[in-house]
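Enquirer: So that we are looking at the same thing, I have put the structure below in C-alpha cells.
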Amino acid sequence: MKKLVLALSAVAAFTGSALAADLPARTYSKAPMMAPVYNWTGFYIFGGAGGGLWDADTRVVDHATGAPLLGLNQKQGGDGWYGTVGAGYDWQFSGSWVAGIFADGQFGSIKGTIQDQDPFFAGSEKLKTSWAAGVRLGYLVAPNVLSYVNGGYSGSNWSGTTLLDTRAGAATGLHTNSFDRNGWFIGGGVENSLNIFGFAAPGWFMKTEYRAAYYDTKNIAELFDGTNLPNGRDITFKPLVQTISTSLVYRFNWGGPVVAKY
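Residue 604 is where the sequence shown starts when you use our numbering, and the numbers rise one by one after that.
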C-alpha cells in the first residue's frame, strides 16, 4: 500500500511539471499613462519686433469749411519697422478653447509721404507710436499650439513734417504739427511653446501675429513757419495700418505638461 501511494505521488508530480511546461509564460504590463494636459490659464508678458505699412485716403480741403479745394482723391502711404511690448491674461475653457484680454504698445518708424497736389507740396509723415487694448479668442490645434483671432481699441501718434516744393526741392515756409488718432483693430495669429536645441523651455512661447488698424480721419493743417498760422489749406488723412510681428512670450503659470498616472 505504501509503495502504491509513493508511485501515485510520483506520477502526479511528473504530470504537473509537464502541464506547467506547456503553459505560456506570464506577461506583465505597466498601467497606461494619460496624455499631457496643458493649462493656458494665467498671466503672460511679451516683446518682439515686426514690419508694417500704412496707406491713407487724402484730399485737399478748405481749412475753415472743410470743403474740397481739389476734386482729386489720392491714396498715399509708407512702410517701416517697429518694436512691441505687452501683457495679458488668458482663460482656458471647454477643453480646447482659450479667451483672453491684453494690452500692448508699438514704437518705431513707419514712414511715408503726404502731398498737397495743387502747389506740389509734400512732406514725410511717420507713425511713431501706437497702443492697443483688446480681447482674443483661440482654439488649441495641439495641446501647446494656439490659433487665435483678436480685436479691440487702438490709439496712434503721428509726426509733423516740413513741406517742400517738390518741383524745386526748396522750402515752402510751411509745416504740419504732430497729431493723435484713435480707432479699432482686428487681427490674428499663432502662439506655440518653445523647444530650444531639443530641450523644452517651460513658460517660453513664440507668437506671430497680423493686425490691421483703422484710424479716424484727421484734417492736417498747413501752417506757416514761425507764426503757426494756417495758410487756409488742409490735407485730409484717414490711415489704415497693417503690421506683422513675432514676439517672445513668457507665461508665469506655465510649468510644462501635467501627466496623470494610474
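Built from N, CA and C at the ideal position, the CB exists for glycine as well.
Quick one: using the 10 Å Cβ neighbour count with 16 as the cut-off for buried, is Ala863 buried or exposed?
Expert: What you label residue 863 is simply residue 260 of the sequence shown in a count that begins at 1. In this predicted model, Ala863 has a pLDDT of only 42, less than 50, meaning its place in the structure is not dependable; the value taken from the coordinates is given anyway. Classification for Ala863: exposed.
Enquirer: In this structure, what does DSSP give as the bridge partners for Ser757?
Expert: Position 154 of the sequence shown holds residue 757. The partner list for Ser757 (beta bridge, DSSP) reads Ala735 and Gly786.
Enquirer: For Thr764, count the other beta carbons within 10 Å of its own beta carbon; 16 or more makes it buried, fewer makes it exposed. Which is it?
Expert: Counted from its first residue, the sequence shown places residue 764 at position 161. Looking at its Cβ environment, which holds 16 or more other Cβ atoms inside 10 Å, Thr764 is buried.
Enquirer: Give me, in chain order, the residues of the same chain whose beta-carbon lies closer than 8 Å to that of Tyr692; leave out the 5 immediate sequence neighbours on both sides.
Expert: Start at 1 with the first residue of the sequence shown, and residue 692 comes out as number 89. For Tyr692, where only same-chain residues beyond five positions count, the Cβ hits under 8 Å are Gly645, Phe646, Tyr647, Gly703, Ile704 and Phe705.
Enquirer: What number of angstroms, rounded off, separates the C-alpha of Gly689 from the C-alpha of Arg770?
Expert: Reading the sequence shown from its first residue, position 86 is the one you call residue 689. Reading the sequence shown from its first residue, position 167 is the one you call residue 770. Approximately 44 Å between the Cα atoms of the pair.
Enquirer: If you count every other CB in all the chains shown that lies within 10 Å of the CB of Leu740, and 16 or more means buried, which is it?
Expert: Within the sequence shown, residue 740 is the residue found at index 137, counting from 1. Label assigned to Leu740: exposed.
Enquirer: Would you mind sorting Ala624 into buried or exposed? The rule is 16 or more other CB atoms within 10 Å of its CB.
Expert: Here the question's residue 624 lines up with position 21 in the sequence shown. With a pLDDT of 47 at Ala624, under the threshold of 50, the modelled position of that residue is not reliable, and the figure given next carries that caveat. Under this definition Ala624 is an exposed residue.
Enquirer: Ser762 and Lys731 look like a contact to me (Cβ under 8 Å); what is the Cβ gap, rounded to whole Å?
Expert: Stepping through the sequence shown from its first residue, residue 762 is reached at position 159. Stepping through the sequence shown from its first residue, residue 731 is reached at position 128. Confirmed, about 6 Å.
Enquirer: Are the beta-carbon atoms of Ser848 and Gly653 separated by less than 7 Å?
Expert: The residue labelled residue 848 in the question sits at position 245 within the sequence shown. The residue labelled residue 653 in the question sits at position 50 within the sequence shown. The answer is yes: Cβ separation under 7 Å.
Enquirer: Note the first and the last residue of the continuous beta strand (DSSP E) segment covering His778.
Expert: Locating residue 778 in the sequence shown gives position 175, counting from the first residue. Looking at the DSSP string, the run of the beta strand (DSSP E) that includes His778 is Ala773 to Thr779.
Enquirer: Can you look up Asp660 in the DSSP assignment and give me helix, strand or coil?
Expert: What you label residue 660 is simply residue 57 of the sequence shown in a count that begins at 1. DSSP places Asp660 in strand when its eight states are reduced to three.
Enquirer: Please return the same chain residues whose Cβ sits closer than 8 Å to the Cβ of Lys678, not counting the five positions on each side in sequence.
Expert: Numbered from 1 along the sequence shown, position 75 holds the residue referred to as residue 678. Taken in chain order, the residues that qualify are Asp658, Ala659, Asp660 and Thr661.
Enquirer: Using three-state DSSP, classify Leu626 as helix, strand or coil.
Expert: Counting from one through the sequence shown, the residue named residue 626 turns up at place 23. Caution is warranted here: a pLDDT of 48 is assigned to Leu626, below 50, making its placement in the model unreliable, and no coordinate value can be reported.
Enquirer: How would you label Trp857, buried or exposed, when you count the other beta carbons within 10 angstroms and need 16 or more for buried?
Expert: As a first step, residue 857 must be located in the sequence shown, where it is residue number 254. Classification of Trp857: buried, given that the 10 Å Cβ count is 16 or more.
Enquirer: Can you find at least 3 beta carbon pairs, one from the stretch 741-748 and one from the stretch 710-725, that sit closer than 8 Å?
Expert: Counting Cβ pairs under 8 Å, fewer than three are found: no touch.
Enquirer: Can you say whether Thr820 is buried or exposed, counting buried as having 16 or more other CB atoms within 10 angstroms of its CB?
Expert: As a first step, residue 820 must be located in the sequence shown, where it is residue number 217. So Thr820 ends up on the exposed side.
Enquirer: How is the beta strand (DSSP E) around Asp866 delimited, first residue to last?
Expert: Examination of residue 866 is not possible in this model, given that the chain is present from 604 through 865 alone.
Enquirer: If you count every other CB in all the chains shown that lies within 10 Å of the CB of Ser697, and 16 or more means buried, which is it?
Expert: Here residue 697 refers to the residue found at position 94 when the sequence shown is read from its first residue. Exposed, because fewer than 16 other Cβ atoms sit within 10 Å of the Cβ of Ser697.
Enquirer: Quick check: what's the CA-CA separation for Thr687 versus Ala815?
Expert: Position 84 of the sequence shown, counting from 1, holds the residue named residue 687. Position 212 of the sequence shown, counting from 1, holds the residue named residue 815. Taking the straight line joining both Cα atoms gives about 15 Å.
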